[in-house]
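A quick write-up on the structure given underneath.
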Amino acid sequence: MTRVLGIDFYQGTASSAIELALKGGLTVAPSGPNLAEMDLAPMYHHALNKADLIVLDSGFLVLCWRMQQGQRLSRLSGLLLVETMLASQSFQSESEQLWVMPTMESATRTRTYLADQGVTLSPDCFYTAPYYPTGKIEDQELLQRIRQQQPRLIMINVAGGKQEVLGAWLMENLPYRPAIICTGAAIAFLTGEQANIPSWGDRFFLGWLLRIFHDPKRYVSRYWNARRLWRLLKRYGAESPAIQGGLS
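Residue numbers for the sequence shown follow this note's numbering, so the first one is 7 and each next one is one higher.
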């Protein structure tokens, strides 16, 4: 583990991370843009503190830390994490799953993709999430469904900054300890719903650029705002930043 901004980032291999994640608990892969505003988002900060496993997905954070601290961190992208999970025997043999998707189209694409990989799941294994606001997030319908189905693996694939808050809330309110993995759009890169990111693009921290080319209106401002992360890292380093506002 390496501590950055008060967060203990996992620094092992993807296969070891998946082995840990599938044992239960909340796994998150926070993005650079969301980390850049963590001091303005108390619920998001709370969710990261509640996570059991935090992987370092942000290539921008890795580059900033290298320039500021002279320390080379190991990046483990959400995409690589999902690819490693899909190839694992533990995942392929796990039939009690629930995938939380942003749209019905996303659910259909993911179900088809998983079937092509040899993992056949029923429609009941997919939940189309409503629009979640920024800040406090609760979903009683989803909570009730999980209590009824008791899935051992819950994949949350909604917007970054919100999925972590939802995952933490679920973990706090469930009567058992499933594996909850928040990887956002990672599965959408594989299903073709979002920009295809080849392995070299992911390895050389170019996923952000490929997403901008694919949908500039959506991503230019998002990644431009991530530059704020440089200032947070410069000011706080390994320590947690001062959080503005409180939990509500």
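Cβ atoms here follow ideal geometry from the backbone N, Cα and C, with glycine treated the same way.
Note that the structure is predicted; figures quoted are calculated from it, not measured.
A straight-line Cα-Cα distance of about 24 Å links G173 and Q95. Scanning the stretch 160-206 from its first residue to its last, the whole alpha helix (DSSP H) runs of 4-plus residues come out as 169-179, 192-197. DSSP, reduced to helix, strand and coil, places V61 within a strand of the structure shown. Note that the C-beta distance between R241 and G30 is not below 8 Å.
When C-alpha distances from L239 are compared across I24, R153, N55, R72, the shortest belongs to R72. In this structure, the beta-carbon distance from L85 to A192 falls below 8 Å. Between I143 and L32, the CB-CB gap reaches or exceeds 8 Å. Taking 8 Å as the upper bound for CB-CB distance, L82 and L235 are not in contact here, some 18 Å apart. The C-alpha of G166 lies about 19 Å from the C-alpha of I249.
Here C131 is actually not in contact with L92; their C-beta atoms are around 15 Å apart, not less than 8 Å.
When rounded, the separation of the alpha-carbon atoms in R78 and R151 is 43 Å.
Under a 10 Å Cβ-count criterion, S37 is classified as buried, with 16 or more other Cβ atoms of the shown protein chains found around its own Cβ.
By the CB criterion at 8 Å, V106 and V164 fall inside the cutoff. Per DSSP, the beta bridge partners of Y16 are V61. Residue G198 holds the alpha-carbon nearest to the alpha-carbon of Y119 among P108, G198, V68. The beta carbon of T90 is closer than 8 Å to those of A20, S21, A23, I24 in its chain, skipping five residues each way along the sequence. Nearest to L67 by C-alpha distance, out of I60, R233, P247, is R233. Bridge pairing for G31: A185 [DSSP]. In the DSSP annotation of this structure, the continuous segment of the alpha helix (DSSP H) that includes Y119 starts and ends at 110-122.
Annotated three-state conformation of V125 is coil, per DSSP. With at least 16 other beta carbons inside 10 angstroms of its own, R117 counts as buried. In the three-state scheme derived from DSSP, where H, G and I count as helix and E and B as strand, Q77 is classed as coil.
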